[in-house]
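> Taken in sequence, the protein lines are chains V and B. Take any residue in the first sequence, note its place counting from 1, add 85, and you have its number in the working numbering. Position 70 (the second sequence) corresponds to 68 in the working numbering; numbering is contiguous. Idealized CB from N, CA, C, for every residue including glycine.
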Amino acid sequence: QKEVEQDPGPLSVPEGAIVSLNCTYSNSAFQYFMWYRQYSRKGPELLMYTYSSGNKEDGRFTAQVDKSSKYISLFIRDSQPSDSATYLCATTDTGGFKTIFGAGTRLFVKA
Amino acid sequence: GAGVSQSPSNKVTEKGKDVELRCDPISGHTALYWYRQRLGQGLEFLIYFQGNSAPDKSGLPSDRFSAERTGESVSTLTIQRTQQEDSAVYLCASSLPPGQGVFNYGYTFGSGTRLTVV
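(1) Would you tell me roughly how many angstroms separate the C-alpha atoms of D22 of chain B and S109 of chain B, rounded to the nearest one?
(2) Measuring alpha carbon to alpha carbon, tell me which of B:A65, B:Q78, B:D61 and B:Y33 ends up nearest Y88 of chain B.
(3) Going by Cα to Cα distance, which pick from B:T76, B:G38 and B:I24 is closest to I45 of chain B?
(4) For D22 of chain B, does the three-state DSSP call read helix, strand or coil?
(5) Rounded to whole angstroms, how far is the Cβ of V17 of chain B from the Cβ of T114 of chain B, which I believe are closer than 8 Å?
(6) Entirely within the region 130 to 158 of chain V and at least 3 residues each: give me those beta strand (DSSP E) ranges in chain order.
(7) Between A114 of chain V and chain B, is the shortest Cβ-Cβ distance under 8 Å, so that the two count as touching?
(8) Can you tell me whether A0 of chain B is buried or exposed, with buried defined as 16 or more other CB within 10 angstroms of its CB?
(9) Can you give me, in chain order, the residues of the region 39 to 54 of chain B that have a beta carbon less than 7 Å from any beta carbon in chain V?
(10) Give every residue of the same chain whose Cβ lies closer than 6 Å to the Cβ of G99 of chain B, excluding the five residues on either side of it in the sequence, and list them in chain order.
(11) Mapping the DSSP letters down to three states, classify D128 of chain B as helix, strand or coil.
(12) Output, in chain order, the set of chain V residues within a Cβ distance shorter than 7 Å of G26 of chain B.
(13) Quick test of your reading: E100 of chain V and Q165 of chain V, contact by CB under 8 Å. State the CB separation rounded to the nearest angstrom.
(14) I think F186 of chain V touches P95 of chain V, with their Cβ atoms under 8 Å apart; what is that distance to the nearest whole Å?
(15) Taking C-beta pairs closer than 9 Å, name the residues in chain V that L89 of chain B reaches, listed in chain order.
(16) Identify whether Q116 of chain V lies in helix, strand or coil by the three-state DSSP scheme.
(17) Which residues in the same chain as V98 of chain V place their Cβ atom closer than 8 Å to its Cβ, once the five residues preceding and following it in sequence are excluded?
(18) Taking Cβ positions only, does F63 of chain B come closer than 8 Å to chain V?
(19) Under 8 Å Cβ-Cβ, which residues of chain B neighbour L173 of chain V?
(20) Looking only at its own chain, which residues have a Cβ that is under 6 Å from the Cβ of Q39 of chain B, when we skip the five neighbours before and after it?
(21) Please tell me whether G104 of chain B has its Cβ less than 8 Å away from any Cβ of chain V.
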């Protein structure tokens, strides 16, 4: 079993739709949860992070963590064609020396 | 520099040859990481440096892979006797040391070196 599981997609939605991206993880020691966005032929860039359980909102993006079910979510409201990218969930423990990444979900937002 | 710089951006090499990939981290970022990303797959951890010390080399796939770092600066990833399964994008990232500051678990990635072994 992989430490972080993520559906690779692809996921195709019309412009303006609400997008839900999800991951599950196996290690209860993980404390920090992150979402990275990766455009084609670029390195991933940090989009959002959360610590432990709860929600965090940043503009059109909301990150959600449920530690009881080991479930990580990213919601994108009013999706735009510029949101088309691969979204990778990631997590690390308090040591933080090694971040574990999901496989990434490829998102297409159609104009 | 302003970001993490990797060179070359693309490398095509013949099977059996050695290759050296370079990473210039952000100035002041003492932590440096190498990941491998195969086509359509997630990031695979290779090695982590804190300064020029490598506390975690657990991800190196075989003894053909090695990495060095000079002080808190440039790192090189060397792959000897390349094989076709080594074809991937090799990503380097840097960060402040884990546990320092408000949040230092986010990495700044370079654009990667796309390695093709033919």
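So, from the listed chains and residues:
(1) Spanning the two alpha carbons is a distance of roughly 12 Å.
(2) When only C-alpha atoms are compared, the closest one is B:Y33.
(3) Ranked by Cα distance from I45 of chain B, the first of B:T76, B:G38 and B:I24 is B:T76.
(4) The answer is strand: DSSP assigns D22 of chain B an E or B state.
(5) Contact doesn't hold; Cβ gap of about 10 Å is too wide.
(6) Whole beta strand (DSSP E) segments, 3+ residues: 130 to 136, 139 to 143 and 146 to 151.
(7) By this cut-off, A114 of chain V is not an interface position.
(8) Exposed.
(9) So the close ones are Q39, G40, L41, F43, Y46, P53 and D54.
(10) Note that G99 of chain B scores a pLDDT of 49, beneath 50, so its modelled location is shaky; the value from the coordinates is reported in the next line. None.
(11) No information on residue 128 of chain B is available, as it lies outside the stretch -1 to 116 that chain B covers here.
(12) Residues of chain V with a Cβ closer than 7 Å to the Cβ of G26 of chain B do not exist, since the nearest Cβ in that chain sits about 17 Å away.
(13) Yes, they are in contact, since the Cβ atoms of E100 of chain V and Q165 of chain V sit about 6 Å apart, within 8 Å.
(14) In fact, because the Cβ distance is near 18 Å, the residues do not count as touching under 8 Å.
(15) Listed along the chain, the chain V residues whose CB falls inside 9 Å of the CB of L89 of chain B are G128 and P129.
(16) Note: Q116 of chain V maps to coil in three-state DSSP.
(17) Cβ within range, chain order: V104, S164, L192, F193, V194 and K195.
(18) Closer than 8 Å: no.
(19) What L173 of chain V touches in chain B: G40 and L41.
(20) Nothing listed; no residue qualifies.
(21) Closer than 8 Å: yes.
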